[in-house]
Amino acid sequence: MSRTREEAMLRFLATLEIARRELTVLEYSHAKLFSQTMDADRVRRLTDDMPDAETLEAFVSRFGRFQDTVGDKLLARALAMLLETPRSLIDNLSRAEQLGWIADAESWIKARELRNRLIHEYMTDADRFAADIRAAGGFMGMFRESYAAFLAVAEERFGVAEQMLATALSPASRPETAHPKPIQGDVGNQRR
Numbered sequence: 009m010s011r012t013r014e015e016a017m018l019r020f021l022a023t024l025e026i027a028r029r030e031l032t033v034l035e036y037s038h039a040k041l042f043s044q045t046m047d048a049d050r051v052r053r054l055t056d057d058m059p060d061a062e063t064l065e066a067f068v069s070r071f072g073r074f075q076d077t078v079g080d081k082l083l084a085r086a087l088a089m090l091l092e093t094p095r096s097l098i099d100n101l102s103r104a105e106q107l108g109w110i111a112d113a114e115s116w117i118k119a120r121e122l123r124n125r126l127i128h129e130y131m132t133d134a135d136r137f138a139a140d141i142r143a144a145g146g147f148m149g150m151f152r153e154s155y156a157a158f159l160a161v162a163e164e165r166f167g168v169a170e171q172m173l174a175t176a177l178s179p180a181s182r183p184e185t186a187h188p189k190p191i192q193g194d195v196g197n198q199r200r
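Start counting at 1 in the sequence shown, then tack on 8, and there's your number in our numbering.
Given below as structure tokens:
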């Protein structure tokens, strides 16, 4: 394996490990948030129920963070491993759908739009906000399936199973390069 491909593989595996951790805490927040009915009355009570407000905020934050990691970083790095030049998010999602890494690019775009609404229109309309939170909860299956597809890439291409991710990334298993150069088109390394 060339140095460039090895660096691309390590970036992909490192980002996959981050996605694994983020999905774990997102699932925790999802379970905690949806242990009670999510409706407009609950949203209205959030200003008087700080623990529940923190639970909601953790879910929204983790919902967005997982999408950023997978959509902006993991996907671009997976494409770089194939020696493809990552492009815009929409183009990358379309390519991921073609490769079978995600089931439906349009659903990922809808999740992204929902993420933006949850962040920028926070609780201005209790009914709509509650509906958006319920919709966000509905994307958990898609997130799990997408993570599993990327994990399958790691297993099939590199023989790295989920329980081996952290080990594969330990300093003892890395090549001599201390700081690999950014991969052209790697969205995760571009300034915003």
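C-beta atoms are modelled at their ideal positions from N, C-alpha and C, and glycine is treated no differently.
Using the Cβ count rule (16 or more neighbours within 10 Å means buried), how would you classify Gln75? buried
With burial defined as no fewer than 16 other Cβ atoms inside 10 Å of the residue's Cβ, what is the status of Met58: buried or exposed? exposed
Taking only runs of the alpha helix (DSSP H) that begin and end inside the segment 65-95, which ones reach a length of at least 4 residues, in chain order? 83-89
Whole-angstrom distance between Thr63 and Thr55, CA atom to CA atom: 13 angstroms
Own chain residues within Cβ distance below 6 angstroms of Glu105, not counting five before or after: Ala113
Looking at Ala174: is its Cβ nearer than 8 angstroms to the Cβ of Glu25? yes
Would you decide whether Arg53 is buried or exposed? Buried here means 16 or more other CB atoms lie within 10 Å of its CB. exposed
Selection from Leu90, Gly72, Arg95 and Asp140 that minimises the alpha carbon distance to Ala16: Leu90
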